[in-house]
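In my numbering, the protein residues as written are 117 to 1037. Even glycine gets a Cβ: it sits at the ideal position worked out from N, Cα and C. Only a predicted model underlies this, so the values are computations on that prediction, with no experimental measurement involved. Input: a single structure, listed below in structure tokens.
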């Protein structure tokens, strides 16, 4: 590198101050001095004007005469040729002729690193001016890659990437520069990007080299950057890949004694806990968790190392041989030497809540009573004292003596919990429901519901001062074994007080019951309350009774104590003595620590319940599918039976109607001709035979109308009413059949699901139709004797011609009479019958539709039930298929909860061992 006047030549060329190296007399203006030099050099035989022209171009550029500068630089070759070309591009840039400047910049071909970098930076500036940011990014990346040590080039690139929010490029720049320069400044820039969340789109493996480099330089920074990356990927799809990357890296690290990474260890702990929350399958966790635990144990210190060791042993216990044997040995050794552990109750509570949340998300319900018992264990302000005794031993009156108020009846069948609080509050709790009871008086019915928990919060100084919650169980009445609910009450209690009746203390059945209880809860403190001492007639006998009871009790329960109690004793002193009894025999220093063990027992019970629930759900689906398929067959059979019934009743009803209609038709067909022939009696020899046919025709129509109105219509009305009554019987028989069918189905459904009801409104419609059709009918006059038949034409003609001649009237009379009496009138009868029965025929045609209306709603209900049944079958089949195809979706979370439970149980054993050692000391 040339230095002229203490300044690098590259710097002079970049700043266009090369001309200063040529001017010796600084008193002259550069233009004058260079002009004189140009004239002198031009006169030489072998003149070399290159340097002078280059220098003149610089001076013109400095004075903004860009055209003159371009002219001077255009023909320069040699060493300064590439710089001259670059300067020409600079001039065009200043003239805002960007396209020309770009072309010239791109044409500069040089091996000089400084010149090439300057050209790239100028192109970068040009692209920014033109807002061509993609090209600007490409050029500045090329400059950084070509000459990263060039002054300010990486800072320029960083500023540009940040301004453009091109965070991927910014992260890549910071990572590359961190590795290349090993500068803590660049590592800090990278950490800032990660903390801002702009590195989330990068593959985790990209940072492996960066972290490896940083570990060798600064372990504190390594931990901080690692934690930042952990936060960055924790809630993304790349989380498992990140865990693989960090585990690979920690595998390669050799830790020195004294290295402490507390923050990173916490992230390992949280990662392990999060992976076991029941949201991942074991097949996804198997490649990750063992190495996670190994590395957690590697970097953990203090109490966290014990959690890591317990976690590793618990995982390996459920999934044998998945963790390195040497790691398992180290974990066992570490736990064997472990000091005090804390947070057992809180950890158990957290695990229980996780299980409950997972169960609810998977449509599984853990009973309210179980959740209530765990909530009670979380309340370490109150000692849970379980009161047990035979029915009539006075447990309830004992509670009344303490709180000063009657809470429950002696024969209640529920668990009654009583604790102190600011206000009266009563909750009725079952496995499926929890509701508020407003007054103690309302408990009369509630407390008799077996299996219910009644949680009473009442203002009680005694309970508050003694930190006591009383759990009053239903009285035993000679039962040979305890119920499952009672077993839960045992696990949720800190101590048991068995209430004895002083008149018959510690009977054989009470002894057997207590021995069974002791087998179920061997570590539960058991003591006795000898109640109803006021029934003993003398103090001497009372003392003897107390001693004898103690002797009986100690034969089976050597550590148990007996407290004599009477409602007639000095209340204040008796309660004070009771407080001392409770304090000395129950409330030792470790009862709160034992709560965590009890919660773990409930967790194990919950996991067992959930596993059984899975199998029960499968069985339920299979049973429901089979049962619904049977019901579908029965329902389809019912539809067919109902269709057959409808067909039978429809045929009966229509046949009956046709019968009465045919009867009327027959009557009309036979009676009308008789009526018409009988009209011959109205004919006499004195009749006007010229008009007699008109008179007879009118009389015939009147007789027909009178016959229909007076005889046929009333008769038809009665027949219709009889037919409707008969139809009603048919419908009633159908309804009876449908009632029996409904009852059969509802018995199978165990609920009132199907009610098949016929629509009897059809009968009302028929009654209205019958009234309408028979109330009034007018048959239009029929041309009986006014037709143009040959015989009628002959008679009418003869009547007009001979009717006025007296001698011929007898002849006409005989002719007419003979005609009227001999005519059959069948066509007339048929015509009148057809007219009369027209509306009744229409009514008959509607009977099929009307009868179907009676059964329509029943068919619709059966069809709807069939469709619902088919839907239920499909739903259960889909659920069963899902359970059988993906058993791990249900099984794996429970297995993982089991791993966490084993971890807490191990830690609990360590804590119990520590407490035992303290007690021995």
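Item	Value
Residue 1012 versus residue 482: straight-line alpha-carbon distance, rounded	18 Å
Inter-residue Cα distance where the pair is residue 247 and residue 280	11 Å
Own chain, CB closer than 7 Å to residue 401, minus 5 neighbours either side, in chain order	391
Delimiting residues of the beta strand (DSSP E) encompassing residue 533	531-536
Cutoff 9 Å: residue 382 Cβ touching any chain B Cβ	Although the question refers to chain B, the structure presented lacks it and comprises just one protein chain.
DSSP bridge partner residues for residue 397 (one or two, in chain order)	Note: residue 397 sits in no beta bridge, so no partner.
Three-state secondary structure (DSSP) of residue 681	coil
Residues bridged to residue 697 [DSSP beta-bridge criterion]	Answer by DSSP bridge pairing: none, since residue 697 is not bridged.
Meets three-Cβ-pair contact criterion under 8 Å: the stretch 841-856 and the stretch 869-878	yes
DSSP state of residue 541 mapped onto helix, strand, coil	strand
Coil, strand or helix - residue 1039 by DSSP	Because the chain spans 117 through 1037 in this model, residue 1039 falls outside it and cannot be assessed.
Nearest residue (CA-CA) to residue 350, options 383, 1006 and 637	383
Inter-stretch contact (C-beta, 8 Å, three-pair minimum) for the stretch 568-577 and the stretch 537-545	yes
Residue range of the alpha helix (DSSP H) that includes residue 613	Per DSSP, residue 613 belongs to no alpha helix (DSSP H); it is in the beta strand (DSSP E), 611-617.
Assigned secondary structure, residue 188 (DSSP; H/G/I helix, E/B strand, else coil)	helix
Straight-line gap, residue 621 to residue 630 (C-alpha atoms, nearest Å)	13 Å
Residue from 796, 831, 795 and 743 with nearest C-alpha to residue 779	831
Opening and closing residue of the beta strand (DSSP E) in which residue 179 lies	Segment: none, residue 179 is in no beta strand (DSSP E) and carries neither H nor E.
Touch test, the stretch 686-694 against the stretch 660-669, Cβ-Cβ under 8 Å, three pairs minimum	no
Bridge-paired residues (DSSP) for residue 585	500
Stretch-stretch touch, CB-based, cutoff 8 Å, three pairs: the stretch 710-722 with the stretch 599-614	yes
Cβ shell of residue 1004 (< 6 Å), same chain only, five flanking positions each side left out	397
Residue 441 burial status per 10 Å Cβ neighbour count (16 or more: buried)	exposed
C-alpha distance - residue 863 paired with residue 578, whole-angstrom precision	54 Å
Contacts around residue 225, its chain only, beta-carbon distance under 8 Å, and the 5 residues preceding and following it disregarded	198
Inter-residue CB distance, residue 772 and residue 839 (contact presumed, cutoff 8 Å)	6 Å
Secondary structure of residue 912, DSSP reduced to three states	Any answer about residue 912 is weak, because its pLDDT of 49 lies below 50 and its placement is not dependable; what the coordinates show is given next. Here residue 912 sits in helix by DSSP.
Under 9 Å between C-beta atoms of residue 330 and residue 341	yes
Inter-residue Cα distance where the pair is residue 461 and residue 379	24 Å
Pairwise C-alpha distance: residue 242 and residue 271	18 Å
According to DSSP, residues forming a beta bridge with residue 232	Answer is none; residue 232 lacks a bridge partner.
Given 8 Å, three or more beta-carbon pairs between the stretch 957-968 and the stretch 863-872	no
Integer Cβ distance of residue 948 from residue 784, believed to fall under 8 Å	7 Å
Residue 659 in three-state terms, based on DSSP	helix
Contact under 9 Å by Cβ, residue 758 with residue 857	yes
Nearest to residue 625 (by Cα), restricted to the options 370, 717, 506 and 709	506
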